[in-house]
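Participant: Below: one structure in structure tokens.
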């Protein structure tokens, strides 16, 4: 048995950390949050494409790196540590959908996605009100798609959309088809969600419901891994601040009440690491309880990250409430990831439904 | 405005404390829990009757002390502080039912109850499984009552039962009618609950559903006040222990992590005091939100007391886990009171239903 | 026990409510959702609202009549604040001036100081900010380092203050500064300092909400005139601590009143999306309702004790923790139950309207930090209420 | 990463499971619910169960073959413990002897000590209890005061120990006692002491569950023979701390396995009473399932690190807090969801059967106190894992 990453994935992880520190540190995340029209760096995403990051999950025959869910989780944890903005997980999910679809349209788009030439995202959700997505009402009839999708990540920037319709997933691509998008600005300024009105040509892809569920589950796992990275780094900066900052003539780190809460932050972070990587490993191995373990990991990570990143602000005191210090960047991303890729409440329900011990 | 008790009720409270310290201290509670067949001291309850405690709520014309719900709450808080075992609240509730019923049977029984000659309890609940009571199925037909009641407090010791049936509340009294009872021993050894099989003569009382609800609400308020007393005293003994016990060369009370948790215990206790006495006052004044405030008080008191009395054990460390030390006596009573007189979950639901702001 | 308001008090409450109905053109949340507003124009809304309140005689109600007061009792102040919070009124810019500096001047200032400063403070012709906290003395306020050195009759102030609410719009700042470097408490003095002078630099601090309602202030030999010293040199700490304890009655009912409105909005939203019959949702809503009502009960107890002329009991020392931690749980629950739409900026076309829960979520992070963090509050409870020893 | 058990390990697991099926006549909970049992007869059930386990070679599996071992790996030990817990087997009386004293003798004892003590410990012909804690040294174990004074070649022990699990049935006790009153850590020695002698008095301590499984021991010049000193004088603290760290792999999977059974019982109960479709109930059950599974993931990580020959990481230092605090939440939820029937004593005619939740509720209060309270565990995490300073 071995919990640590194997050499290939450890190299992937450490080189990802180096890459992010050099090219996309948190300082850049912060300036992108505020200034960039797109909310992320297309140049850096081009670099990611060149380095093969969008094909992490593809087999070597498909031109991928075959790093599996464990490799993806390692990469997303690192990306969470710098709160990397942009549609990375979304691109990986789109690649996974396209790879499962037949036909040249999908294959061609996949090639462009992998090469960084096209941004493709999945417009899966409908409905605005409420914690859970509404029912799918978008229809594809006679080659024309009509409907409204909500909270489409980076949908304004996308070159093509994969759209869940009542009849399956349809491909909608520019320049043949455009779409009207309206910004849906959530707490996390770096997430550029939009509402999209669809009324134009589209093509149905051959994708089974099982395939969609697999890719949704990958999204849940990816979100959980990102949450892990967010809390991992939040804990680090909090510990550093507590070691340095003094009150009543002693470092914050020496106050027992704060020590015990820091211990709780560590517990939340490390248990999340255990849960996320076990779920990733089980997914790669096709273990029968993989879906259960992913639900467990996402449910746990959402609650844990909210607590840890909330405590990070509190432990920083007044400066934790300023834009200048970093803790808020993490908490805001957490609030987004808690809601999407299966809300915490929905994942708890999924865990109960899938738990072996809950079977009648 | 005045939050403190008025002179009459303050005298009632302080004389109750004196009486309990002299005649029914916690040491006696403990020996009754273990040794007494009835689980309580009939002699002390005789003393309570003599002093007029069962008539606290009755008007002076009815031979009562007219101390109202505020007076009752003050008395029950004191009784909670010594975890007094026995059917005190039950007797007050029975008196309130009988006083609302017409006819000589009820009046005669009320006189005997007030005089300490008869123990009367309300057998309201049916069903064993589940957090909430089951539907009432006990029937009174042609003067004969048939059915099964559960968790009847001190039902084996009672001289008469007030039994909720499908047709209203019936009076079942020894010696004309007996009943078979089976012990239902809960966590709290001092609570003598029984299951009762009824098959014998009974008499219907004239009691409206509203009257039953009023008396049930009185039970909820009384339980909340008792919970307040339990946590009030648990906090006191914990603070005393923390002041005296040393670890690593310093009193426990000087450790910041424990100080913060003691502060939380204080917050739970004092907010419960605020909630209970406001609800009692509103009940006495016939305020329109009295039912809402009672639900709030019982819901809050149950959660708060469980936390405070649980922390009391933890703060005591190893000795907190021994029978010899007192914290467990309080926690066990809390667990009973949490479940009965409207479970915490049921009271939360009632609070939502009755909240003025939740109206459509 | 008697928690009933008198007929006069209820009449006063009705009068306030009626006055608000006639005078509040637009609830604050609608202003915030109006994309045409700028930060400055929002402050102007607040300033105009303060002027209206002042003209109606609702500011400094407990002060002597000479200074705008009307001999209002603690109960009336509490009822007034509750109505203001219930109705979603704008916050007045000079809330700290009126809450802290006003009492300081009335009890410890000179007649000249009162005449000069109180009228424009009430009318909002001058905006005041507070200079207590410093970058390296957050929770440990008495460790402040800003110095006031004699310069002839006057003083020159050097140092840095942070968290000056409304600082970017303020004309004056009341400052705690050291006139004695050695004496921890007895070396602190209380000054009134004009901001528009060389030697004072005000920089806005951007908050996690994106706003810049706070500022940090750099003093570099800023002039504080001798006649603008409140009390004697070295009395600053005592004055500050005294006024921090004033008017605690006023806030006893305001938080539950405000949260009533929030919870009403939350329940309406949950109902509208068809989730109000879900048992898990009902439990969460019910718990929030229970907790808010318990806070109101606790506030009524504090108020009743104050009204009865008694020293506030343990219930009053826990209020800050109660409301600030509740506010976090409440907005957390709202974001969960209402879903991502509740995160949308209120100026967004698809925003759900009503309470801006995303803003409340972020703003609630400040509540457990400012005015004595939850950690400091628990230290205080442990030491002052429970009498626990320091190690 | 590789969290898969090998085919051999899975075979071992299957063998253990089959062996339990053939050998466990009755689950422990049924014994407990049987009113004919006395405390003594329940201990006898445990003793017989230990004998069976010993005969099958399941005790001391990781020890050298000479002492009953079979070179079992950490993984096999963990799988064994998980199966034992899953199947609701009785706990063996000598679990502390085997867990702590056995390794101490093997690593620090003499050949004679091993020969004399290990076989009857494994066969349960002698029951051992542990004498570490003292009334005034709970969390601060090194402050222990029990003295061992030289008496010729031997020692005389005077002092008091508490929380000696199975003490009322024990024949021997392993004791930490001071041979040097000054040296806090280096003055502690490790003795093996027979209980049946003048100078040793064992009194049962009644627990909040009503049982008396613990004892307190009074030593008044009790004889400890020189040949029953483990290691050298002054090595006791080091030996105790070393063996406390052994076999941490064995427990990595046992708690989640046990709680699987508990949660299965809880869900079945909720289903039977018709509440399984209530959304509030589902959320509570789902949260427990999630948390227990996270604990298993964390245990697997610890186990994998141990199996890979690595030092346990931060995940291992948090396990005690995780399971002990989970156990409290779990039994609290069960008492809430199942209602008062779940409080009934298992011997009651109307008891619901299955897990005795009232007992678990009370017993779970001990879990956060013994073997290093949650407070001590958090101190340790803060200091050793996070490197935070002492004030």
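Protein chains in written order, with our numbering: chain W, 1186 to 1545; chain F, 1186 to 1545; chain H, 23 to 413; chain V, 23 to 413.
Beta carbons: idealized from backbone N, C-alpha and C, even for Gly.
(1) Name the residues in the region 299–317 of chain H whose C-beta lies less than 8 angstroms from a C-beta of chain V; which are they?
(2) Out of curiosity, what's the CA-to-CA distance linking residue 251 (chain V) and residue 146 (chain V)?
(3) Can you give, in chain order, each stretch of the alpha helix (DSSP H) that sits fully within the region 326–356 of chain V and has at least 4 residues?
(4) Taking Cβ positions only, does residue 1251 (chain F) come closer than 8 angstroms to chain H?
(5) How big is the Cα-Cα spacing for residue 1412 (chain F) and residue 1369 (chain W)?
(6) Starting from residue 1368 (chain F), trace the beta strand (DSSP E) in both directions and tell me its first and last residue.
(7) For my contact list, residue 143 (chain H) and residue 131 (chain H) are in at a C-beta cut-off of 8 angstroms; report their separation, rounded to the angstrom.
(8) Please report how far the alpha carbon of residue 1237 (chain W) lies from the alpha carbon of residue 1284 (chain W), in whole angstroms.
(9) Taking only beta-carbon atoms, is residue 1511 (chain F) less than 8 angstroms away from chain H?
(10) Report buried or exposed for residue 72 (chain H), applying the criterion of at least 16 other Cβ atoms within 10 angstroms of its Cβ.
(11) Name, going along the chain, the residues of the region 256–277 of chain V whose beta-carbon falls closer than 9 angstroms to a beta-carbon of chain W.
(12) Along chain W, which residues have their Cβ under 8 angstroms away from the Cβ of residue 361 (chain H)?
(13) Taking all protein chains shown into account, do 16 or more other C-beta atoms lie within 10 angstroms of the C-beta of residue 1227 (chain F), making it buried, or fewer, making it exposed?
(14) Closer than 9 angstroms, Cβ to Cβ, to anything on chain H: give me those residues from the region 1298–1309 of chain W, in chain order.
(15) If we ignore side chains and look at the alpha-carbon of each, how far apart do residue 380 (chain V) and residue 1448 (chain F) end up?
(16) What residue range does the beta strand (DSSP E) around residue 1481 (chain F) cover?
(17) Going by beta carbon distance, what residues of the same chain come within less than 6 angstroms of residue 1497 (chain F), once the five residues before and after it are set aside?
(18) DSSP on residue 1359 (chain F), reduced to helix/strand/coil?
(19) Does residue 377 (chain H) get closer than 8 angstroms to chain F when you measure Cβ to Cβ?
(20) When you compare the CB positions of residue 1391 (chain W) and residue 1246 (chain W), do they come within less than 8 angstroms of one another, or not?
(21) In this structure, does DSSP put residue 1548 (chain W) in helix, strand or coil?
(22) Mind pulling the chain F residues with CB within less than 7 angstroms of residue 198 (chain V)?
(23) So with CB distances below 8 angstroms, who are the chain F contacts of residue 1440 (chain W)?
(24) Which residue marks the beginning of the alpha helix (DSSP H) containing residue 1521 (chain W), and which one marks its end?
(25) Return the CA-CA distance between residue 1516 (chain W) and residue 383 (chain H), expressed in angstroms with no decimal places.
(26) Using only the alpha-carbon positions, how far apart do residue 276 (chain V) and residue 341 (chain V) sit?
(27) Closest by CA to residue 390 (chain H), which one among W:1506, W:1525, W:1380?
(28) So residue 224 (chain V) is in the beta strand (DSSP E); what residue range does that whole segment cover?
(29) If you drop the 5 nearest sequence neighbours on each side, which residues of the same chain put their C-beta closer than 7 angstroms to that of residue 91 (chain V)?
(30) Hey, could you find the ends of the beta strand (DSSP E) residue 122 (chain V) is sitting in?
(31) Rounded to whole angstroms, what is the Cα-Cα separation between residue 248 (chain V) and residue 254 (chain V)?
(32) Tell me, please, which residues DSSP counts as bridged to residue 1307 (chain W).
(33) Quick one: Cα of residue 1255 (chain W) to Cα of residue 1272 (chain W), how far?
(34) Taking the straight line between their C-alpha atoms, what separation do you get for residue 1264 (chain W) and residue 1219 (chain W)?
(35) Am I right that residue 46 (chain H) and residue 53 (chain H) are in contact with their C-beta atoms under 8 angstroms? What's the rounded C-beta distance?
(36) Would you please state the rounded distance, in angstroms, between the beta carbons of residue 270 (chain V) and residue 336 (chain V)? I believe it to be under 8 angstroms.
Facilitator: Straight from the coordinates:
(1) Residues passing the 8 angstroms Cβ filter: 300, 301, 302, 303, 304, 305.
(2) By one-based count along the fourth chain, residue 251 (chain V) stands at place 229. By one-based count along the fourth chain, residue 146 (chain V) stands at place 124. Taking the Cα positions, residue 251 (chain V) is about 22 angstroms away from residue 146 (chain V).
(3) Here the runs fully enclosed are 336–339.
(4) For the purposes of this step, residue 1251 (chain F) is taken as residue 66 along the second chain, with counting starting at 1. Output row for residue 1251 (chain F): interface = no.
(5) The residue given as residue 1412 (chain F) occupies position 227 in the second chain. The residue given as residue 1369 (chain W) occupies position 184 in the first chain. Between residue 1412 (chain F) and residue 1369 (chain W), the C-alpha separation is close to 48 angstroms.
(6) Your numbering for residue 1368 (chain F) matches position 183 in the second chain. That run of the beta strand (DSSP E) goes 1365–1370.
(7) Walking along the third chain from the start, residue 143 (chain H) turns up at place 121. Walking along the third chain from the start, residue 131 (chain H) turns up at place 109. Actually they are not in contact, since the Cβ atoms of residue 143 (chain H) and residue 131 (chain H) sit about 12 angstroms apart, beyond 8 angstroms.
(8) Your numbering for residue 1237 (chain W) matches position 52 in the first chain. Your numbering for residue 1284 (chain W) matches position 99 in the first chain. Straight-line spacing of the CA atoms in residue 1237 (chain W) and residue 1284 (chain W) works out to 15 angstroms.
(9) Reading the second chain from its first residue, position 326 is the one you call residue 1511 (chain F). Answer no: the Cβ-Cβ gap between residue 1511 (chain F) and chain H never drops below 8 angstroms.
(10) In the third chain, the residue the question calls residue 72 (chain H) occupies position 50. Its Cβ being crowded by 16 or more others within 10 Å, residue 72 (chain H) is buried.
(11) Answer in chain order: no residues at all.
(12) Residue 361 (chain H) sits at position 339 when you count from the first residue of the third chain. Contact of residue 361 (chain H) with chain W by beta-carbon distance below 8 angstroms involves 1314, 1315, 1316, 1317, 1524, 1528.
(13) Mapped onto the second chain, residue 1227 (chain F) falls at position 42. Around the beta carbon of residue 1227 (chain F), a 10 Å sphere encloses fewer than 16 other beta carbons of the protein chains shown; the residue is thus reported as exposed.
(14) Identification of residues in the region 1298–1309 of chain W having a C-beta nearer than 9 angstroms to some C-beta of chain H yields an empty set.
(15) Along the fourth chain, one-based indexing puts residue 380 (chain V) at 358. Along the second chain, one-based indexing puts residue 1448 (chain F) at 263. Near 29 angstroms, if we compare the C-alpha coordinates of residue 1448 (chain F) and residue 380 (chain V).
(16) Your numbering for residue 1481 (chain F) matches position 296 in the second chain. That residue, residue 1481 (chain F), is in no beta strand (DSSP E); its alpha helix (DSSP H) goes 1475–1501.
(17) Taking the first residue of the second chain as position 1, residue 1497 (chain F) is located at position 312. Excluding sequence positions up to five before and after residue 1497 (chain F), its CB lies within less than 6 angstroms of the CB of 1419, 1423, 1512, all in the same chain and listed in chain order.
(18) As a working note, residue 1359 (chain F) is residue 174 in the second chain. Coil at residue 1359 (chain F), not helix or strand.
(19) Within the third chain, numbered from 1, the residue matching residue 377 (chain H) stands at position 355. It does not: the Cβ of residue 377 (chain H) has no partner Cβ on chain F nearer than 8 angstroms.
(20) Here residue 1391 (chain W) refers to the residue found at position 206 when the first chain is read from its first residue. Here residue 1246 (chain W) refers to the residue found at position 61 when the first chain is read from its first residue. Not closer than 8 angstroms, so no.
(21) Since the first residue shown for chain W is 1186 and the last is 1545, residue 1548 (chain W) is missing from the structure and cannot be characterised.
(22) The residue labelled residue 198 (chain V) in the question sits at position 176 within the fourth chain. In chain order: nothing, as chain F lies at least about 16 angstroms away.
(23) Walking along the first chain from the start, residue 1440 (chain W) turns up at place 255. Near residue 1440 (chain W) (Cβ distances below 8 angstroms), the residues of chain F are 1441.
(24) On the first chain, residue 1521 (chain W) is found 336 positions in, with the first residue counted as 1. Run containing residue 1521 (chain W): 1512–1524, per the alpha helix (DSSP H) assignment.
(25) The count along the first chain starts at 1 and reaches residue 1516 (chain W) at position 331. The count along the third chain starts at 1 and reaches residue 383 (chain H) at position 361. For residue 1516 (chain W) and residue 383 (chain H), the distance between alpha carbons rounds to 11 angstroms.
(26) The sequence position of residue 276 (chain V) within the fourth chain is 254, counting from 1. The sequence position of residue 341 (chain V) within the fourth chain is 319, counting from 1. Rounded to the nearest angstrom, the gap between the Cα atoms of residue 276 (chain V) and residue 341 (chain V) is 11 angstroms.
(27) In the third chain, residue 390 (chain H) corresponds to position 368, counting from 1. Of the candidates W:1506, W:1525, W:1380, the one whose C-alpha sits nearest the C-alpha of residue 390 (chain H) is W:1506.
(28) Numbered from 1 along the fourth chain, position 202 holds the residue referred to as residue 224 (chain V). Counting along the chain, the unbroken beta strand (DSSP E) around residue 224 (chain V) starts and ends at 222–227.
(29) Working through the fourth chain from its first residue, we reach residue 91 (chain V) at position 69. Excluding positions up to five away in sequence, the list reads 82, 83, 84, 85.
(30) What you label residue 122 (chain V) is simply residue 100 of the fourth chain in a count that begins at 1. Taken as a continuous stretch (DSSP letters only), residue 122 (chain V) belongs to no beta strand (DSSP E), as it is neither H nor E.
(31) Along the fourth chain, read from residue 1 onward, the residue named residue 248 (chain V) stands at position 226. Along the fourth chain, read from residue 1 onward, the residue named residue 254 (chain V) stands at position 232. Answer to the nearest angstrom: the Cα atoms are 10 angstroms apart.
(32) As a working note, residue 1307 (chain W) is residue 122 in the first chain. DSSP lists W:1347 as partners of residue 1307 (chain W).
(33) On the first chain, residue 1255 (chain W) is found 70 positions in, with the first residue counted as 1. On the first chain, residue 1272 (chain W) is found 87 positions in, with the first residue counted as 1. Taking the Cα positions, residue 1255 (chain W) is about 19 angstroms away from residue 1272 (chain W).
(34) In the first chain, residue 1264 (chain W) corresponds to position 79, counting from 1. In the first chain, residue 1219 (chain W) corresponds to position 34, counting from 1. Straight-line spacing of the CA atoms in residue 1264 (chain W) and residue 1219 (chain W) works out to 19 angstroms.
(35) Locating residue 46 (chain H) in the third chain gives position 24, counting from the first residue. Locating residue 53 (chain H) in the third chain gives position 31, counting from the first residue. Wrong, their Cβ atoms sit about 11 angstroms apart, outside the cutoff.
(36) Locating residue 270 (chain V) in the fourth chain gives position 248, where the first residue counts as 1. Locating residue 336 (chain V) in the fourth chain gives position 314, where the first residue counts as 1. Between the beta-carbon of residue 270 (chain V) and that of residue 336 (chain V) there is about 14 angstroms, and that puts the pair past the 8 angstroms contact cut.
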